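Each residue of the sequence shown is one higher than the last, beginning at 6 in the working numbering. For glycine and all other residues, C-beta sits at the position ideal for the given N, C-alpha and C. The structure displayed is predicted, hence computed values, not measured ones.
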Amino acid sequence: MLRVAVLASGRGSNLAALQACDDDAGFGIVGVFSDKPDSGALQHARDAGIHAQALVPGGYPNRESFDLAFFADVMQIQPDLIVCAGYMRIISAVALARLPVPMINIHPSLLPLYPGLHTHARALEAGDAEHGASVHLVTAELDGGPVIAQARVPVHADDDPTTLAARVLEREHHLLPASVALFARGRLKLHQGQPWLDGEPLAAPLQLHGGVLVQDGPDK
Ligand code: GRF
């Protein structure tokens, strides 16, 4: 069983989606960690009987010292994989360099498009015909690590950021568990910081078709 630690700052719907399929997919969520003590994600973890822990940045002199304390807590539960599911903090390079396990993040855009915030509004402003979400390795560059998998949705003429976000979020709830399942089954591994699938370097992000990740072609 792959031991997964989840980091989350918000409502925790991706956490709930992960937890809904963890046993079947060969992973278990062994802890949920947050910078926000009142987050929905922590409440979800408590309700589900999962180890839930908050650490607030306020008492630390800088980003680095907070991150080192935060990830010391995370590593205490001995995860094999760390999953950022709506963890809304930039993580310092020093803390990242010391992490002994891979860390992935889910981001609501088709990276490399729209790193950072307000992705749905930015896709609408650009007049994009499609939008989506990406699961990527976390590196020191914000939303800039190698992309593992993506889910695409059409943009409708009458969309606003809220309707578009809802369409993307529904796909996120399949994309993230499917991506973690690849690690759990031993199909996805890291070699020198790059994702490898089934013993080969991953040439392009996997694409979600229905609930399944495949190597070619967007989800139309
Ligand atoms: C998701 O849109 C995710 O892509 C982004 O933050 C949001 C978290 O939502 N990183 P939730 O807390 O999982 O509901």
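Checklist entry - Should A90 be listed as close to the ligand GRF, given that the test is whether its C-beta is under 7 Å from any heavy atom? => result yes
Checklist entry - Would you say the beta carbon of A50 comes nearer than 7 Å to a heavy atom of the ligand GRF? => result no
Checklist entry - What is the rounded straight-line gap between the Cα of G132 and the Cα of H56? => result 43 Å
Checklist entry - What three-state label does DSSP hand K225 in the structure shown? => result In this predicted model, K225 has a pLDDT of only 45, less than 50, meaning its place in the structure is not dependable; the value taken from the coordinates is given anyway. In this structure, K225 counts as coil in the three-state DSSP scheme.
Checklist entry - In terms of DSSP beta bridges, what is P200 paired with? => result L195
Next on the checklist: Could you compute how far the alpha carbon of V152 sits from the alpha carbon of L193?
Outcome noted: 12 Å
Checklist entry - Can Q155 and L115 be called in contact, C-beta distance under 8 Å? => result yes
Checklist entry - Is the beta carbon of L23 within less than 7 Å of some heavy atom of the ligand GRF? => result no
Item to check | C-alpha distance - L195 paired with W201, whole-angstrom precision | outcome: 6 Å
Next on the checklist: In whole angstroms, give me the CA-to-CA distance for L12 and G215.
Outcome noted: 26 Å
Next on the checklist: Which residue marks the beginning of the alpha helix (DSSP H) containing R103, and which one marks its end?
Outcome noted: 98-103
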